[in-house]
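The structure appears below as structure tokens.
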Amino acid sequence: MNARGRFISMEGPEGSGKTTQCARLARRLLAAGREVVALREPGGTPLGEAIRSLLQHDAAGERMAPEAETLLFLASRAHLLGQVVRPALERGAWVVCDRFFDSTIAYQGYGRGCDVEEVIRVNEFAVGGLRPDLTVLLDIDVAAGFDRLAGRNASAGTGNDRFEREDRGFHERVRAGYLELARRWPERIWTINGSRDADALERDIWSRVAHEFGI
Ligand code: Z5A
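When you line the sequence shown up against our numbering, it's residues 3 to 217, in that order.
Next comes the structure, spelled out in structure tokens:
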């Protein structure tokens, strides 16, 4: 049987470059001969993608209760773990996930104002004790992250989703919440300055991953 695989999550405020760095890390791991499963949250399964669409676009046209929002993220996560993440880790693959456990604490706990310890407890129920081996927190000033998103949305011709439309105070609380989590779990969460250029970030993330996991 293969050794258990490794699980790396990428976290950070809007526009911090998570998607970009997940793709680059996945490419580096593939080039190093590892099987890679690249995922995003919410999503990664048909059920998860359906939940993502409910959460991002507010199709029902009603204001979602923060507790309902929390549980939808967790439903997507619990399903993704059972269907994809655990089987991948068991066969020795590397899982690279764009957002995971900490997003719910940062957004629904610190951002929406749900009780943080309660969010951690229900989150724990969803993941059944599984944590990433390493979480890369790309920290960026809220205004700088939004400038990046404006550029991306303008070139893609898309508008802001339900979370991107939240006010500045919400996103400041999310960012501060992430930094609080990094202080709480320093052995797992590694904070890196996401405002640097993408190539430099890619090199630093790869060097940390290669060193920590002996690649
Ligand atoms: N959410 C939640 O509330 N609770 C939860 O438990 C979970 C999620 C799991 C998912 O949206 C939403 O769900 C999210 C939180 C909430 N809120 N929002 N919005 P998503 O997955 O669609 O979006 P996101 O995760 O927030 O990603 P993002 O902010 O859209 O972007 P990003 O992944 O951090 O960045 P990017 O796509 O790599 O880059 C953005 C732009 O910047 C793009 O044009 C890049 O080319 C550019 N870029 C990237 N890196 C750089 C650097 N280093 N320099 C300059 N420009 C760069």
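From the three backbone atoms N, C-alpha and C, an ideal C-beta is built for every residue, glycine too.
#1: For the beta strand (DSSP E) that Glu13 lies in, which residues bound it at each end?
#2: Beta-carbon within less than 6 Å of Arg26's beta-carbon, same chain only, minus the 5 sequence neighbours each way: which residues are those?
#3: Between Gln110 and the ligand FMN, is the CB less than 7 Å from at least one heavy atom?
#4: Taking only three categories from DSSP, how would you classify Cys24?
#5: With respect to 7 Å, is the separation between the Cβ of Pro44 and the closest non-hydrogen atom of the ligand Z5A below this value?
#6: Cβ of Gly19 within 7 Å of any heavy atom in the ligand Z5A?
#7: Assign Gln58 to one of two classes, buried (16 or more other C-beta atoms within 10 Å of its C-beta) or exposed (fewer than that).
#8: Just to confirm the assignment: which complete beta strand (DSSP E) runs, minimum length 3, are found wholly within the segment 122-174?
#9: To which residues of the same chain is Leu91 closer than 7 Å at the C-beta, ignoring the five residues directly before and after it?
#10: Who pairs with Ala5 in a beta bridge, going by DSSP?
#11: Below 7 Å CB to CB, which residues in the same chain sit around His173 once its five sequence neighbours on both sides are set aside?
#12: If we ignore side chains and look at the alpha-carbon of each, how far apart do Arg88 and Leu82 end up?
#13: Based on DSSP bridge pairs, tell me the residues matched to Val38.
#14: Please state whether DSSP places Trp192 in a helix, a strand or coil.
#15: How far does the alpha helix (DSSP H) with Val211 in it extend, from its first residue to its last?
#16: Below 8 Å, how does it come out for the segment 66-83 and the segment 22-38: are there three or more Cβ pairs, yes or no?
#17: Among Gly63, Val138, Val86, whose alpha-carbon lies nearest the alpha-carbon of Gly46?
#18: Alpha carbon to alpha carbon, how far is Val39 from Gly50? Give it in angstroms, no decimals.
#19: Taking the straight line between their C-alpha atoms, what separation do you get for Ile191 and Asp141?
#20: Should the segment 182-199 be called in touch with the segment 127-141, which here means at least 3 C-beta pairs below 8 Å?
#21: Please state whether DSSP places Asp104 in a helix, a strand or coil.
In brief:
#1: For Glu13, the enclosing beta strand (DSSP E) starts and ends at 9-13.
#2: The beta carbon of Arg26 sits closer than 6 Å to those of Glu204, all from its chain and outside the five residues before and after it, given in chain order.
#3: This structure does not include the ligand FMN; its bound ligands are the ligand Z5A.
#4: Cys24 falls in the helix class under three-state DSSP.
#5: The answer is yes for Pro44.
#6: Gly19: yes, Cβ under 7 Å from the ligand Z5A.
#7: Exposed is the label assigned to Gln58, since fewer than 16 other Cβ atoms lie within 10 Å of its Cβ.
#8: Runs found: 136-141.
#9: Once the five neighbours on either side are set aside, the close Cβ partners of Leu91 are Arg6, Gly7, Phe9, Val97.
#10: Partner(s): none; Ala5 has no beta bridge.
#11: Within the same chain, His173 has close Cβ partners Pro15, Glu16, Val144.
#12: The straight-line gap from Cα to Cα measures roughly 9 Å.
#13: The partner list for Val38 (beta bridge, DSSP) reads Trp96.
#14: DSSP places Trp192 in the strand class (E or B) of the three-state scheme.
#15: Here the alpha helix (DSSP H) through Val211 covers 200-215.
#16: Short answer: they don't touch.
#17: Nearest C-alpha to Gly46: Val86.
#18: Answer to the nearest angstrom: the Cα atoms are 16 Å apart.
#19: Cα to Cα, the separation comes out at about 12 Å.
#20: They touch, by the three-pair rule.
#21: The DSSP-derived three-state label of Asp104 is helix.
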